[in-house]
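Novice: One structure, pasted below without further comment.
Residue numbers (our numbering): 415 to 625.
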């Protein structure tokens, strides 16, 4: 005598909620890349996990999420594309400090004390500030915030504004030196493309140009 239901197809073990759409899933785990593939975007765009209390965190590349009974719609564990900017900026600050140990951050502003300058400038070292515009990291930074008394050969630098329109939150009055990198290509993982560290390193290119 056959057991009731023997041979009947079994449904999926889990329901995965990705940006409001339910996806069936049979495995007990799911990776960052699998979530992105189900949702229909490249893994480099990033994946954000939202827990039942609406706390968000960015999944790391290759991270394996262990699914549990009831996970999905019932517990409101869900995912969406993107990355959390604050997490990224904290990571980028640590990267910046690997070369400039005294660097600090206030929101979208990064202060790098004692940045070395080549010969010809009025100071051997100065404090510089990088500001990340809206849309970062897709939109690259622009300009270098410098002290007002910085000169090259006793002259003002070219493309220079003595009082920056936006003032960094680090005290004093800052000048602004217009400059932009030749190219900007950021990735979901900061170390995989351009980032604050590569941007600040690039200041040396502008200062080597002289006035």
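Heads up, the beta-carbon is just placed ideally off N, CA and C, and yes, glycines get one too. These numbers were taken from a predicted model, which means no experiment stands behind them.
I'd like the list of long-range same chain contacts for residue 449, defined as Cβ closer than 6 Å, with 5 residues on each side in sequence excluded.
Specialist: In the chain shown, residue 449 corresponds to position 35, counting from 1. The residues are 461 and 493.
Novice: Could you tell me whether the segment 572-588 touches the segment 606-613, where touching means 3 or more Cβ pairs closer than 8 Å?
Specialist: The segment 572-588 vs the segment 606-613: no contact.
Novice: Go ahead and pull the three-state DSSP assignment for residue 524.
Specialist: Residue 524 sits at position 110 when you count from the first residue of the chain shown. In the structure shown, residue 524 sits in a strand (DSSP, three-state: E or B).
Novice: Which residue or residues does DSSP assign as beta-bridge partners of residue 480?
Specialist: The residue you call residue 480 lines up with position 66 of the chain shown. Answer is 443.
Novice: What are the boundary residues of the alpha helix (DSSP H) that includes residue 504?
Specialist: Here residue 504 refers to the residue found at position 90 when the chain shown is read from its first residue. 499-511 is the span of the alpha helix (DSSP H), which, as asked, contains residue 504.
Novice: Between residue 470 and residue 463, is the Cβ-Cβ spacing less than 9 Å?
Specialist: Numbered from 1 along the chain shown, position 56 holds the residue referred to as residue 470. Numbered from 1 along the chain shown, position 49 holds the residue referred to as residue 463. Yes; because the gap between Cβ atoms is below 9 Å, this pair is in contact.
Novice: Residue 621: buried (16+ other C-beta within 10 angstroms of its C-beta) or exposed?
Specialist: On the chain shown, position 207 is the one that residue 621 refers to. Looking at its Cβ environment, which holds 16 or more other Cβ atoms inside 10 Å, residue 621 is buried.
Novice: Measuring straight from C-alpha to C-alpha, what distance separates residue 446 and residue 597?
Specialist: By one-based count along the chain shown, residue 446 stands at place 32. By one-based count along the chain shown, residue 597 stands at place 183. Each residue's Cα considered, the two are about 29 Å apart.
Novice: Residue 452 by DSSP, collapsed to three states: which one?
Specialist: Position 38 of the chain shown holds residue 452. If DSSP states are grouped into helix, strand and coil, residue 452 belongs with the helices.
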